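All remarks here apply to the structure that follows.
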Amino acid sequence: ENQTIEWAMRLRVALYIAQALHYCTSEGRPLYHDLNAYRVLFDEEGDPRLSCFGLMKNSRDGKSYSTNLAYTPPEYLRNGRVTPESVIYSFGTVLLDLLSGKHIPPSHALDMIQGKNNMLLMDSHLEGKFSTEEATVVVNLASKCLQYEPRERPNTKDLVTTLAPLHTKPD
1 ENQTIEWAMR LRVALYIAQA LHYCTSEGRP LYHDLNAYRV LFDEEGDPRL SCFGLMKNSR
61 DGKSYSTNLA YTPPEYLRNG RVTPESVIYS FGTVLLDLLS GKHIPPSHAL DMIQGKNNML
121 LMDSHLEGKF STEEATVVVN LASKCLQYEP RERPNTKDLV TTLAPLHTKP D
C-alpha cells in the first residue's frame, strides 16, 4: 500500500542527501553521479542513505556511461562529463520529487516557480500538512540547483547550510 511520506521526513531525506553529496565532494573521494530518487534507501533506523551504486570511479576522461535522463543536467547531454555542478542539478530534480511526490520535468517546474505557482508543486497527499515557509526555501533551493549554467548553481556546502535549519530531530 502507498503511504504518504510526511513533510519532516522529506526534509530529512533532502538534508541527508545533501550531507552525503558534501562528503563525496571532499578531497580524494569519488563523485556521486546518476543521482535520482531511486538511489535513496533507508537503514534499520529509518534514516535515508544513498546507494553506493551512484559512486563514480573517476575515469581519465571524466565521463560516466550510465545515467537516468530524467535527472540529467544539460551539460552532461552536451559533453558526457560528470562534475560537482552536474550532481547539484540532479539534486535539484530530487528536491522536486520530494516536494511533489512524483517526478516533474525540471523545465516544467521552473516555469511554475517563475510564475510564482510554488504551491502547485506540492504533493496533494500532504493535505497542507507542511510549512509554506519551509516549502518556499526548498523550492528556491531546487530552482538554484536547476540553473542552466553550472556556475550559477550552489555548491554542496550551500545545500547543507540551507537545509540544516529546516531539519528537526525525530522524537
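With full-length UniProt numbering as the guide, the letters of the sequence shown map in order to residues 1 to 171.
Quick reminder that beta carbons are idealized off the backbone N, C-alpha and C, glycines included.
What you are looking at is a predicted structure, and each value in this text was computed from that prediction instead of being measured.
Pairwise C-alpha distance: residue j and residue i
i           : j           : result
residue 4   : residue 102 : 11 Å
residue 60  : residue 81  : A caution first: residue 60 carries a pLDDT of 46, below 50, which makes its placement in the model unreliable, though a value can still be read off. If I take the Cα positions, the gap works out to 11 Å.
residue 142 : residue 158 : 12 Å
residue 106 : residue 114 : 12 Å
residue 133 : residue 73  : 27 Å
residue 25  : residue 155 : 9 Å
residue 124 : residue 137 : 18 Å
N- and C-terminal bounds of the beta strand (DSSP E) containing residue i
i          : result
residue 48 : 48-50
residue 41 : 40-42
Residue j beta carbon less than 7 Å from that of residue i
i           : j          : result
residue 36  : residue 71 : yes
residue 166 : residue 11 : yes
Proximity to residue i [Cα-Cα], best of the options
i           : options            : result
residue 85  : 124, 26, 153       : 153
residue 98  : 160, 40, 26, 20    : 40
residue 38  : 74, 155, 13        : 13
residue 163 : 6, 2, 17           : 17
residue 21  : 6, 88, 138         : 88
residue 147 : 31, 92, 118        : 92
residue 139 : 50, 31, 118, 73    : 118
residue 160 : 2, 23, 6           : 23
residue 127 : 100, 144, 116, 149 : 100
residue 145 : 116, 31, 90        : 90
Nonlocal neighbours in the same chain, by C-beta distance under 8 Å from residue i, ignoring five residues either side
i           : result
residue 151 : 85
Contacting residues, own chain, Cβ-Cβ under 7 Å from residue i (five flanking each side not counted)
i           : result
residue 120 : 112
residue 168 : 8
residue 43  : 49
residue 47  : 16
residue 51  : 39, 41
Boundaries of the alpha helix (DSSP H) in which residue i is found, first to last residue
i           : result
residue 87  : 84-100
residue 25  : It is not in any alpha helix (DSSP H) - residue 25 carries neither H nor E in the DSSP assignment.
residue 158 : 156-163
residue 123 : No alpha helix (DSSP H) contains residue 123, which DSSP labels as neither H nor E.
Near the ligand MN: residue i beta-carbon under 6 Å from a heavy atom
i          : result
residue 40 : Because no ligand of any kind appears in the structure shown, any question about the ligand MN cannot be addressed here.
Cut-off 6 Å between Cβ atoms - residues of its own chain near residue i, not counting five sequence neighbours on either side
i           : result
residue 96  : 104, 109, 142
residue 149 : none
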